[in-house]
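For reference, the structure discussed in these notes is given below.
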Amino acid sequence: MINRRTFIHISGATAAGTAAATSLPGAAQAAPARPAPGAAPGRAPSGSARAEAALTMARRVLLTDDKHTDLTLRYLRLLTGDARLPRKARRRVVVVGAGVAGLTCARLLTAAGHDVRVIEANSNRIGGRIKTFRGDVWQDPRLRAEAGAMRIPSTHVLTLALADSLRVARRPFHLLDVPPSPDLVSGDSRITYRSWTGETFATGTRAPYRATASQGSRFLHVNGQTVTKAEYLRDPRPINKSFGWDSATPASQAWAEALEKTRAYTRTRKADGSWGEKPIVERVEGMARLLDDLGDMSLHQYLTGVAGWDTAQIQAVGTLENLTSRLSYGLLHSAFGALDLNPSMTYFEFTGGTDTFTRALSRGLRIETGRVLTGVSRHGSGVTLHAAPETGPEDEAYQGGTGPSRYTYEADAVVLAVPFAALRHVTFDPILPYGKRRAVIELHHDTAHKVLVEFTRRWWEWDEDTWKAELGSAYRPAPHGPAVPAVGGGCVSDEACRFVYFPSHPSDDGAPGGVVLAAYNWAGDALRFDALTPQDRRTEALDHLASLYGDRIRRYATDRCVSQSWLRNRWALGEAVIETPGQLLSLGPHVAAPVDDVLYFAGDHCQPRYHAWIAGAIASGTEAALQVTDAP
Ligand code: ARG
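Next comes the structure, spelled out in structure tokens:
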């Protein structure tokens with residue numbers, strides 16, 4: 001069923017010519033291929049450990065189990081209070097880490113009557129990689145901006161339903177720029193999840209959200225040329241050619257088409273050309289085959305060997321679609337990620353800042369902050385945790401450190417809801433099982449870096465006449481055509497500031513200014529910023545914005561520029577797990593597995609479909625809560 005040779009069939013089809021890479025029906029036929037006779041011996045016959053791993057991980061990716069239960073549906077019911085955890089003997093549970101996974105888990109266990117406490121390393125905040133810069137970080141304390149999670153795809157029903165049930169307000173987040181008019185739809189629009197069981201789950205009360213059409217006014221700035229996204233879509237050739245890629249296909253379309261071979265494992269093409277999900281049994285089988293066939297492949301290997309791209313195309317699409325820094329990582333992260341981040345997806349943000357969500361989630365929980373986990377000792381009657389007081393700042397700290405371990409906690413069960421990169425610094429007695437240890441040691445944690453610049457006025461909402469009125473005799477035209485008033489959306493650049501994002505809304509509380517995400521970089525692109533000083537980050541980000549929008553924007557920049565390196569955060573130690581080729585199957589099955597019905601694991605790293613998303617943290621926190629209560 002799962003056979004290594006399927007891949008050989010796919011690449012064989014593609015090798016026939018690049019045309020095959022873009023011929024869609026070919027792609028659709030490729031995936032369900034029978035093993036090609038005479039193909040090289042398969043690495044692993046089915047029934048082998050590898051096939052087992054592929055099946056385990058396929059179920060995890062699809063949020064299902066060996067009975068094809070729809071776990072998304074089960075989690076939704078638990079999270080929104082429609083269902084309860086099974087009543088079992090009361091356990092003393094310590095949850096380590098007050099990020100979304102830990103808080104979700106603690107909430108469910110507390111509601112089920114367990115004795116739950118949460119310990120959190122940070123002494124001054126909870127939330128983990130949800131972190132809102134607010135207050136006197138800014139010159140205008142009414143402003144705020146997100147250091148971490150900032151957008152929620154409308155398909156992430158776990159996140160949106162949990163937020164709705166906690167009465168956390170949401171509103172549209174505009175991935176693409178729109179005119180600065182009030183949102184036509186309320187944030188509380190209806191989100192419906194349709195299960196393969198035939199059941200549906202809906203949250204939100206208003207009409208479903210349809211995004212306002214983008215005006216495409218944001219810039220692409222590559223190879224010394226600057227064009228708007230609308231110009232690029234009208235004629236992609238000049239920009240594509242500037243990379244040596246002679247193509248009239250927009251980069252986003254080329255990327256989507258390249259991934260069709262991965263989609264064909266779990267979907268079928270309908271008559272109208274759109275994709276439909278296969279029935280769940282086939283979907284699990286297809287996903288297992290996909291993981292087996294392509295789980296060892298890097299994005300680069302896939303683009304060259306399967307999609308048939310040449311160097312010029314990889315550089316062009318890689319630059320425009322944010323693939324370049326991830327080429328050496330496992331393909332599947334980028335394949336799953338493209339389902340969440342693409343131009344046809346709509347998004348929400350939490351109206352009062354993303355941390356309104358974690359605050360609501362933490363309400364009523366027993367949380368001790370400033371407690372750094374240092375040791376986990378298991379003994380006959382349970383677990384003793386050792387913790388030390390936190391000293392020094394969470395970010396880019398050069399001084400201070402973790403003090404002596406003077407706190408202990410006794411528990412029947414412990415949920416470790418912190419990144420594995422953080423567990424690397426914890427002593428386990430006895431040591432963790434081999435597979436778990438390898439995962440803690442090896443799992444690749446990626447990095448992301450955000451540079452946020454404050455402005456006293458929201459100049460991005462202005463047209464050229466407003467600029468004239470504001471600047472008077474100091475008026476100078478913009479370098480790349482007249483200003484187009486817009487909120488949301490962002491620019492793509494091959495400069496150090498790879499992606500720029502503008503706020504989706506005018507500030508609340510009547511503040512005249514706003515904060516621009518002047519650089520949002522991943523992986524190697526993020527490292528380029530990590531090494532700079534805060535001042536150099538600001539200079540570079542502002543220079544870059546000025547090169548796009550003119551020096552005239554400088555007069556509105558305040559001296560406040562805040563940056564977030566997730567790699568240099570002492571408690572996150574990275575942005576999120578992104579497997580390198582092979583890790584999904586070699587380490588994946590060990591990541592979330594509980595140890596001896598005593599140690600449980602949660603965090604977005606435990607949910608392979610949703611690494612780097614709130615939904616992954618919620619799913620894993622819910623799963624851990626179920627495991628704690630299901631224990632014999
Ligand atoms: N949820 C994140 C976002 O919306 C995705 C981050 C993916 N990170 C990465 N290094 N590929 O931006």
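Throughout the sequence shown, residue numbering follows our numbering, covering 1 to 632 in sequence.
Positions of the beta carbon are idealized from the N, C-alpha and C atoms, including for glycine.
So, Val638 versus Arg560, is the Cβ gap smaller than 9 Å? Shown here, the chain extends from 1 to 632; a query on residue 638 therefore has no answer.
Limits of the unbroken alpha helix (DSSP H) element including Val284: It spans Ile280 to Leu294 - the alpha helix (DSSP H) in which Val284 sits, taken as one unbroken run.
Assess, as a yes-or-no matter, whether the segment 120-128 is touched by the segment 381-397 under the definition of 3 or more beta carbon pairs within less than 8 Å. Because the criterion of three Cβ pairs below 8 Å is met, the segment 381-397 and the segment 120-128 touch.
With distances taken Cα to Cα, identify the nearest neighbour of Ala541 among Ile314, Asp429, Ala207 and Val453. Closest by alpha carbon: Val453.
Just to confirm before moving on: does the CB-CB distance between Leu385 and Tyr347 stay below 9 Å? No, Cβ-Cβ distance for Leu385 and Tyr347 is not below 9 Å.
Out of Asp551, Asp630 and Ala519, which one is the CA nearest neighbour of Asp536? Of Asp551, Asp630 and Ala519, the residue nearest in Cα terms is Ala519.
Does the beta carbon of Gly337 fall short of 8 Å from some heavy atom of the ligand ARG? Gly337: yes, Cβ under 8 Å from the ligand ARG.
Within 10 angstroms of its Cβ, does Pro37 collect 16 or more other Cβ (buried), or is it exposed? Residue placement at Pro37 cannot be trusted, given a pLDDT of 35 that sits under 50; the coordinates are not used to answer.
For the beta strand (DSSP E) containing Ser252, list its first residue and its last residue. No beta strand (DSSP E) holds Ser252; the alpha helix (DSSP H) holding it covers Ala251 to Ala258.
Mark Leu55 as exposed unless 16 or more other C-beta atoms lie within 10 angstroms of its C-beta, in which case mark it buried. It counts as buried.
Confirm the yes/no value for this check: CB of His300, any heavy atom of the ligand ARG, distance under 8 Å. Not under cutoff, so the answer is no.
For Pro250, count neighbouring C-beta atoms within 10 Å of its own C-beta (all shown protein chains included) and say buried if the count is 16 or more, exposed if not. By the 10 Å Cβ count, Pro250 comes out buried.
Could you give the DSSP three-state label for Ile119: helix, strand or coil? In this structure, Ile119 counts as strand in the three-state DSSP scheme.
Does the segment 249-266 come close enough to the segment 337-347 that 3 or more CB-CB pairs lie under 8 Å? Touching, per the Cβ criterion.
Using a Cβ-Cβ cut-off of 6 Å (strictly less than) and excluding sequence neighbours within five positions of Phe601, which residues of its own chain qualify? Leu416 and Ala592.
Closer than 8 Å to a non-hydrogen atom of the ligand ARG - does that hold for the CB of Ile130? Checking every heavy atom of the ligand ARG against the Cβ of Ile130, none is found closer than 8 Å.
CB-CB under 7 Å to Ile367, same chain, minus the five flanking residues each way: which ones, in chain order? Counting only Cβ-Cβ distances below 7 Å, and skipping sequence neighbours, we find Ala98, Val118, Glu120 and Ile126.
Nearest-angstrom Cα distance between Arg149 and Ile130? The question names Arg, yet the displayed sequence has Ala at residue 149. One alpha carbon belongs to Ala149, the other to Ile130, and they sit about 5 Å apart.
Tell me the rounded alpha-carbon separation between Val383 and Asp429. Cα-Cα distance, rounded: 10 Å.
Taking the straight line between their C-alpha atoms, what separation do you get for Ile578 and His444? If I take the Cα positions, the gap works out to 6 Å.
Can you determine whether any heavy atom of the ligand ARG sits closer than 8 Å to the C-beta of Ala625, and answer yes or no? Flag unset: Cβ of Ala625 not near the ligand ARG.
Best match in Gly113, Thr132, Gln399 and Arg498 for proximity to Pro86 [C-alpha to C-alpha]: Nearest of Gly113, Thr132, Gln399 and Arg498 to Pro86, Cα basis: Gly113.
Could you give the distance in angstroms between the alpha-carbon of Arg107 and the alpha-carbon of Leu365? C-alpha separation (whole angstroms): 7 Å.
If we count the other Cβ atoms within 10 Å of its Cβ and call it buried at 16 or more, is Glu199 buried or exposed? Around the beta carbon of Glu199, fewer than 16 other beta carbons lie within 10 angstroms, which makes this residue exposed.
I'd like to confirm something about Tyr407: is its beta-carbon nearer than 8 Å to some heavy atom of the ligand ARG, or not? Tyr407 Cβ: outside cutoff for every heavy atom of the ligand ARG.
Which complete alpha helix (DSSP H) runs does the segment 71-147 hold, if anything under 4 residues is left out? Runs of the alpha helix (DSSP H) lying entirely within the segment 71-147 and spanning at least 4 residues, in chain order: 71-79 and 100-111.
CA nearest to the CA of Leu548, picked from Arg437, Val222, Ala624 and Ala101: Comparing Cα-Cα distances from Leu548 to each of Arg437, Val222, Ala624 and Ala101, the minimum goes to Val222.
Is Asp340 near the ligand ARG, judged by its Cβ being under 8 Å from some heavy atom? Flag set: Cβ of Asp340 near the ligand ARG.
For Val284, which residues of its own chain have a beta-carbon under 8 Å away from its beta-carbon, when the five flanking residues on both sides are left out? If we look at Val284 and ignore the five residues flanking it on each side, its Cβ neighbours are Leu55, Ala58, Arg59, Leu62, Thr64 and His68.
With C-beta atoms as the reference, is Ala258 less than 9 Å away from Trp309? Contact flag set, yes.
Tell me the DSSP secondary structure of Ala30 in three-state form. The predicted position of Ala30 is uncertain, since its pLDDT is 40 and thus under 50; no value can be drawn from it.
Could you spell out the range, first to last residue, of the alpha helix (DSSP H) harbouring Trp245? Careful: Trp245 lies outside any alpha helix (DSSP H) and carries neither H nor E.
The beta strand (DSSP E) enclosing Trp467, as first and last residue numbers: Here Trp467 belongs to no beta strand (DSSP E); instead the alpha helix (DSSP H) covers Glu464 to Leu471.
C-alpha distance - Pro45 paired with Val281, whole-angstrom precision: The predicted model places Pro45 with a pLDDT of 48, which falls under 50 and marks its position as unreliable; any figure quoted below should be read in that light. Cα to Cα, Pro45 sits roughly 20 Å from Val281.
On the CB-based measure, 16 or more other CB atoms within 10 Å of its CB, does Arg570 come out buried or exposed? Buried is the call here.
Using only the alpha-carbon positions, how far apart do His605 and Ser48 sit? So the two alpha carbons sit approximately 25 Å from each other.
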